[in-house]
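So the structure is just underneath, and the comments pick up after that.
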Amino acid sequence: MSATLPVPLGLPQQRDAGPFDPPGEITRLREARPVSPLIFPDGHEGWVVTGYEAVRRLLADTRFSSRQDLGIVHPAYESSGMPVQTEPSPQIPGLFVAMDPPDHTRLRRKLTGAFTVKRMKQLEEHIIEITERQLDEMARLTPPVDLVREFALPVPSLVICELLGVPYEDRETFQVNSAQFLVKDQELEQKMAAYGAMTSYLAELVMRKRAEPGEDILSDLARDEDLGIEELVGIAFLLLLAGHETTANMLALGTFALLEHPEQLAELRADPELVPNAVEELMRYLSVADIFYRYATEDIELCGETIGKGSTVVISLLAANRDPLRFDNPDTLDVHRTARGHVSFGHGVHQCLGQQLARIEMRAGFTGLLRRFPTLELAVPATEVKLKTDMNIYGVHELPVTWTDQR
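The sequence shown begins at 81 in this note's numbering and counts up one residue at a time.
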């Protein structure tokens with residue numbers, strides 16, 4: 081691999097610019113060469129894509145494959161929620177996020193009806209009710225409290241459990257194991273043990289759904305004889321993991337970001353109509369699911385660079401969302417910004433299926449939280465907040481907050 085600029089040895093991951101910003105080296109890399117050669121820790125050569133235009137083109141080009149059985153990726157770079165290893169791994173039934181058309185198309189099509197904009201809008205009032213009940217529970221506590229445990233994690237967990245038909249009382253099973261599954265630096269055996277615990281639980285659940293279906297998404301899927309049990313389990317795993325982890329991290333990290341930008345928080349409190357706009361801006365600004373990867377199935381030209389067949393390509397959505405060629409003053413949090421067009425939900429055939437659900441949950445969450453707790457503030461110095469730099473979906477492990485009793 082030839083290069084006129086230094087080739088990075090490994091992907092820079094140290095968040096040296098602050099808790100909400102990309103690693104400084106990633107920013108410099110995007111400015112110098114948005115499609116750049118990369119040498120992985122095990123020595124094999126690949127590419128890292130950081131520019132907005134290049135990321136959009138790549139994600140829209142199905143010649144860049146999502147199949148894990150075609151290439152290799154270092155587990156520390158992976159945040160798409162898949163069990164990966166440092167050599168090609170066989171495809172896992174049902175995990176359509178790691179598939180290409182037509183396999184991906186067949187499975188995703190079975191879910192599109194469940195996540196239409198119309199159906200999500202019909203659920204909005206109920207999601208607001210779930211959010212308000214959780215805020216009632218939090219208001220009964222004596223501060224300080226951990227916002228993650230008392231609000232940010234329960235709300236999307238309650239919603240996705242109800243939608244899928246997963247008993248909420250089983251949340252310890254999937255919350256603990258999904259968190260373990262997303263730890264970056266761990267042995268493959270540990271990651272697969274957490275994955276195995278979740279899929280064993282889900283296998284029992286989908287078999288019960290197939291025998292006695294109810295009124296929920298997993299039951300609807302279980303009625304489909306075209307889907308085998310293994311495929312049902314894979315789909316359930318994806319929906320459950322993505323359905324609570326990403327939104328929970330956005331609610332907690334988004335609250336942290338707003339508390340650290342008091343002028344933006346004040347504007348939101350003064351005008352709640354700005355919340356939908358703020359949700360898009362927080363999605364862009366924080367990009368909690370950052371690193372994804374693809375494999376080139378042929379030689380492909382991308383923004384002036386030729387990516388060779390078989391190359392592993394690392395994609396940084398956070399770097400793309402902070403590209404000054406797409407967003408003015410991209411490192412500034414601005415709740416008035418029109419951030420539509422951000423790539424936090426991905427782009428192309430793998431664009432997030434549950435994005436409308438996530439938006440509704442975040443709108444309800446931030447609206448309710450700001451209204452119910454007008455004096456909300458951090459209970460510890462910002463430097464003491466425990467960041468999820470050790471996880472494949474970014475956020476905070478805990479967010480200690482306090483408030484003044486308004487009664």
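Every residue, glycine too, gets a C-beta built ideally from N, C-alpha and C.
Query	Result
Option in Ile315, Val476, Glu361, Gly421 with minimal Cα separation from His184	Ile315
Contacts around Leu413, its chain only, beta-carbon distance under 7 Å, and the 5 residues preceding and following it disregarded	Ala337, His341, Gln344, Glu361, Tyr365
8 Å contact criterion, which Ala400 and Val128 should meet: CB distance rounded	Rounded, the Cβ-Cβ distance is 11 Å, inconsistent with contact.
Inter-stretch contact (C-beta, 8 Å, three-pair minimum) for the segment 452-471 and the segment 303-315	no
Whole-angstrom distance between Asp351 and Pro155, CA atom to CA atom	At Pro155, the pLDDT of 47 sits below 50, so the modelled position is not reliable and the matter cannot be decided from this model.
Residue nearest to Lys289 in terms of C-alpha spacing, selected from Pro247, Glu325, Arg417, Gln266	Pro247
Thr482 to Val476 span [Cα, whole Å]	16 Å
Ala140 versus Gly131 - alpha carbon distance	14 Å
Cβ neighbours of Asp296 in the same chain (closer than 7 Å, five flanking residues each side left out)	Leu243, Leu244, Gly245
Cys432 to Glu252 span [Cα, whole Å]	25 Å
Continuous beta strand (DSSP E) stretch holding Gly174: start and end	No beta strand (DSSP E) holds Gly174; DSSP gives it neither H nor E.
Beta-carbon proximity of Val368 to Tyr474, cut-off 7 Å	yes
Stretch pair the segment 433-451 + the segment 465-472: three plus CB contacts closer than 8 Å	no
Sequence-distant residues of its chain with Cβ nearer than 8 Å to Ser299 (five each side left out)	Gly245, Lys289, Pro293
Assumed close pair Pro480, Ala462 - CB separation to whole angstroms, cut-off 8 Å	Actually they do not touch by this definition, with Cβ atoms about 11 Å apart.
Alpha carbon of Asp226 to alpha carbon of Thr142, nearest angstrom	42 Å
With 16 other Cβ atoms within 10 Å as the buried cut-off, status of Ser280	exposed
Proximity below 7 Å, CB of Tyr373 to CB of Ser145	no
The segment 213-222 in contact with the segment 254-274 per 3-pair CB rule at 8 Å	no
Gly334 and Ile240 closer than 7 Å at C-beta	no
Residue from Lys271, Pro92, Glu133 whose Cα sits closest to the Cα of Leu118	Pro92
Whole-angstrom distance between Leu307 and Pro103, CA atom to CA atom	42 Å
Cβ distance (whole Å) where Ala70 is taken to contact Ala332 below 8 Å	Residue 70 lies beyond the range of the chain shown here (81 to 487); nothing can be said about it.
Status (buried if at least 16 other CB within 10 Å, exposed otherwise) for Gly445	buried
Beta-carbon gap between Leu238 and Ile210 smaller than 7 Å	yes
Opening and closing residue of the beta strand (DSSP E) in which Ala129 lies	It should be noted that the sequence gives Val, not Ala, for residue 129. Residues 125-129.
Cutoff 6 Å; reference Arg417; Cβ partners in own chain excluding five residues on either side	Glu361
Secondary structure of Pro234, DSSP reduced to three states	helix
Contained alpha helix (DSSP H) runs [length at least 4] in the segment 272-307, N- to C-terminal order	297-302
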